[in-house]
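This report concerns only the one structure given below.
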Ligand code: ATP
Ligand code: MG
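Residue numbers (our numbering): 37 to 420.
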């Protein structure tokens, strides 16, 4: 009896003419996730089956597949030749020791002489004869034993459904440029857009030497966590120290964050153009901090000329974001102490509802273009 893993994908999205496109990218993403582990991926009607792996790799494979968007559920299954005796041998292995159960048979192989109902009754009956601690409950069973009779003369038997992450295969919905800080929110924002099938490139701004190397390493680690879900990412790192110093020197300090955000957005848009990203993604959530008011977002958004800005967390409470951060495995990294560049020169009373004319008046004191060019000249690119 060989072990295999059944992968069921989120089918609703894959119907229609471009189904083949989604399936191809989904299979490629699974291949990437399983790189370095011996396996074969086979497509069967409406699902994939992973086989030919070492038994000791099962947990590792499941763990990796649980980070592939598009996976609806997974089952570790036993593969046997299609005969009632062999199927029953497999069922004995996966059946619970006691409690209630039902057998749920799907028969793709219509040439098999028994239909699904008959197989349920026969295999269920044999199991009851074998173990008097088991009872059948077709309505609310404690265990469901699945039997799949495939067209190729083999059957798959399983009793467990592991939830996948859902979503759409990464690479089916364009590419976005994520503004990533070392905080809790932005990695979650990237995760959410990757979940909808978007490839993610990242951009991070630092203020070395006001911010230290640990802050930088933390961002690399966060981007690496995200990369496990987004089939890799490219982290673009840009120094904005001179911009903050210049704002500090020349402008009303209360506008520091507002002005800096506008620089970040402009630089992100230029880099997006170079990387083929079609939108900018931020981790902003309405009202969370002083800079995340609707006026603040309007001000930072107004300098972006040609791209939409996606803020997938805009309507989330902090608690909801933290829950997602934990689930993706980023939270413990995000809460490490560090200095974000925005906390350097942080004003005591940042403007909360910046007026457009005031922002423009402050910005007029700066050579915006020269500052942007200097920032872009510091670009470092890290492939993750
Ligand atoms: P986060 O937890 O993502 O840091 P936050 O609640 O701390 O968010 P802000 O610091 O106001 O909020 O940042 C809002 C958004 O601006 C971030 O989610 C991120 O997208 C972007 N951002 C902030 N700082 C940086 C930075 N140093 N580099 C790149 N993007 C940044
Ligand atoms: Mg932050």
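Just so you know, even glycine gets a beta-carbon here, dropped at the ideal spot from N, CA and C.
For residue i, count neighbouring Cβ atoms within 10 angstroms of its own Cβ and tell me buried if that reaches 16, exposed if not.
i	result
residue 51	exposed
residue 348	buried
residue 382	exposed
residue 156	buried
residue 178	exposed
residue 187	exposed
residue 364	buried
residue 114	buried
residue 341	exposed
residue 249	exposed
residue 153	exposed
residue 266	buried
residue 56	exposed
residue 284	exposed
residue 117	exposed
residue 272	buried
residue 396	exposed
residue 37	exposed
residue 275	buried
residue 2	This structure cannot settle anything about residue 2, because the visible part of the chain is limited to 37 through 420.
residue 400	exposed
residue 390	buried
residue 254	buried
residue 129	exposed
Throw me the rounded Cβ distance for the residue i and residue j pair, which I believe falls under 8 Å.
i	j	result
residue 18	residue 319	As shown, the chain starts at 37 and ends at 420. That puts residue 18 outside it, with no answer to give.
residue 388	residue 258	So it is not a contact: roughly 28 Å between Cβ atoms.
residue 330	residue 322	7 Å
residue 226	residue 238	7 Å
Restricting to Cα atoms, I'd like to know which of the options is closest to residue i.
i	options	result
residue 133	407, 181, 39	181
residue 234	208, 88, 150	208
residue 83	119, 74, 46, 329	46
residue 196	359, 385, 40, 371	40
residue 183	74, 242, 119, 175	119
residue 297	337, 366, 44	337
residue 166	178, 131, 186	131
residue 109	42, 159, 313, 160	42
residue 112	121, 122, 293, 92	92
residue 302	89, 328, 335	335
residue 75	224, 58, 54, 101	101
residue 228	212, 355, 284, 55	212
residue 231	239, 218, 262, 217	262
residue 72	59, 60, 90	90
residue 407	282, 87, 353	282
residue 103	205, 162, 185	205
residue 327	292, 161, 194, 224	292
residue 418	252, 53, 276, 295	252
residue 136	175, 217, 69, 98	175
residue 268	256, 158, 413	256
residue 193	121, 384, 317	121
residue 214	87, 372, 69, 241	241
residue 185	367, 402, 145	145
residue 162	126, 189, 69	126
residue 345	304, 69, 310	304
residue 294	44, 312, 333	333
Is residue i near ligand 4, going by C-beta to nearest heavy atom under 6 Å?
i	result
residue 58	This structure lacks ligand 4; the ligands present are ligand 1 and ligand 2.
Three CB pairs or more closer than 8 Å across the segment 61-72 and the segment 141-150: no
Stretch pair the segment 78-92 + the segment 147-157: three plus CB contacts closer than 8 Å: no
Cβ contact (3+ pairs, closer than 8 Å) linking the segment 243-257 and the segment 354-361: no
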